[in-house]
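Student: Structure incoming, see below.
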Amino acid sequence: MAMVVEAKYADGTGVVNALRMVPAEWRELQRAYRIGDLVMPCCPSPAIPKVSANGHPFFAHASGACSSSKESQWHLTAKILVRSELENLGCRASIEEPGSGVAGRWQADVLAERGKVNLAVEIQRSYQSLRDYCDRQQRYSAAGVQALWLLRDDRYRTLINSMGKERLRTEFGGKFPPSGHFNPCLPGIPVARLELEPEPMISGAGFFSARVPQLLDAALNGRFMWVDGLWCIDNLDAMRMAAQQSRDRAAARQRDKPSCG
Ligand SMILES: [Zn+2]
């Protein structure tokens, strides 16, 4: 079960987002909530605030079962996660946001705006051809919107395979380079693999890996880059983010120390 980070109050007074709460606040929610106070975003099931084996707060279905399909559950969980992380990075962000430009209309899974940057994150769950990826990418760039594709493992593999064939055909004349190896990604399609279980994680060709906020921050800052057939974050940024995360973790540990120590 993918980890859901946001639940709604049943009385319509708003939402609770696990990514905006320090551990002490989450524990207080776990202590104080009553079954039925909170509802899952995917179906009418009551939401139960929990903590994963790795220490991540999330909401689970009270009954253990979701009445929406596994696919749409994954898709919605991913959209809410990406929207929440983009908001945490100072963006105005929304889900299923329609728009248009000179090359046509779109509906972005998540559309974010921060300063002069507009970023569309497409969380593709169903098959589409390389041509479709290119067309949709073109529609965004024609409207001055950056696009980022986050794909589930099966879709990612299919796209990587198509992109590799395209590179082989257009750049290497259909013949493998003498080294016998080349990297598959096309420069026009910024793409990474998104996994939600056991916890949200980004990865990609060439052993690329990142946390979700790290990738989104890089995309907003123009640091998610195509280098020689691979999409990756420049190393400087990754190191800075790792240092920040370790400072954040240290600060969180400090905050949660029992005061009677
Ligand atoms: Zn559900």
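Take the sequence shown: its position 250, counting from 1, is numbered 250 in UniProt numbering, and each next residue is one higher.
All C-beta atoms, glycine included, are put in the ideal place defined by N, C-alpha and C.
Between the C-alpha atoms of residue 261 and residue 76, what's the straight-line distance to the nearest angstrom?
Tutor: In the sequence shown, counting from the first residue as 1, residue 261 sits at position 261. In the sequence shown, counting from the first residue as 1, residue 76 sits at position 76. Model confidence at residue 261 stands at a pLDDT of 35, short of 50, so the residue's coordinates are unreliable; what they give is reported in the following sentence. Near 41 Å, if we compare the C-alpha coordinates of residue 76 and residue 261.
Student: Residue 127: buried (16+ other C-beta within 10 angstroms of its C-beta) or exposed?
Tutor: For this step, residue 127 is matched to residue 127 along the sequence shown. So residue 127 ends up on the exposed side.
Student: Just how far apart, CA to CA, sit residue 59 and residue 160?
Tutor: Taking the sequence shown and counting its residues from 1, the one referred to as residue 59 is at position 59. Taking the sequence shown and counting its residues from 1, the one referred to as residue 160 is at position 160. Each residue's alpha carbon lies about 33 Å from the other.
Student: What number of angstroms, rounded off, separates the C-alpha of residue 42 from the C-alpha of residue 97?
Tutor: The sequence position of residue 42 within the sequence shown is 42, counting from 1. The sequence position of residue 97 within the sequence shown is 97, counting from 1. For residue 42 and residue 97, the distance between alpha carbons rounds to 18 Å.
Student: For residue 40, is the beta carbon positioned less than 8 Å from some heavy atom of ligand 1?
Tutor: Position 40 of the sequence shown holds residue 40. Checking the Cβ of residue 40 against ligand 1 gives yes.
Student: Got a sec, what are the start and stop residues for the alpha helix (DSSP H) residue 109 sits in?
Tutor: The count along the sequence shown starts at 1 and reaches residue 109 at position 109. Run containing residue 109: none in the alpha helix (DSSP H); it sits in the beta strand (DSSP E), 104 to 114.
Student: Could you tell me how far apart the beta carbons of residue 194 and residue 78 are, in whole angstroms, since I believe they sit closer than 8 Å?
Tutor: For this step, residue 194 is matched to residue 194 along the sequence shown. For this step, residue 78 is matched to residue 78 along the sequence shown. 6 Å between Cβ atoms; contact.
Student: Run through the region 30 to 84 for me and flag every whole beta strand (DSSP E) of 3 or more residues, listed as ranges in chain order.
Tutor: 47 to 51, 57 to 61
Student: Residue 112 and residue 301 - do their beta-carbons sit closer together than 9 Å?
Tutor: In this structure the chain extends from 1 to 261, so residue 301 is not present and cannot be described.
Student: In this structure, how does DSSP classify residue 19 when only helix, strand and coil are distinguished?
Tutor: In the sequence shown, residue 19 corresponds to position 19, counting from 1. Here residue 19 sits in helix by DSSP.
Student: How should residue 259 be labelled, buried or exposed, when 16 other C-beta atoms within 10 angstroms of its C-beta is the threshold for buried?
Tutor: Residue numbering aside, residue 259 sits at position 259 when the sequence shown is read from its first letter. With a pLDDT of only 45 at residue 259, under 50, the local geometry of the prediction cannot be trusted, and no value is derived from it.
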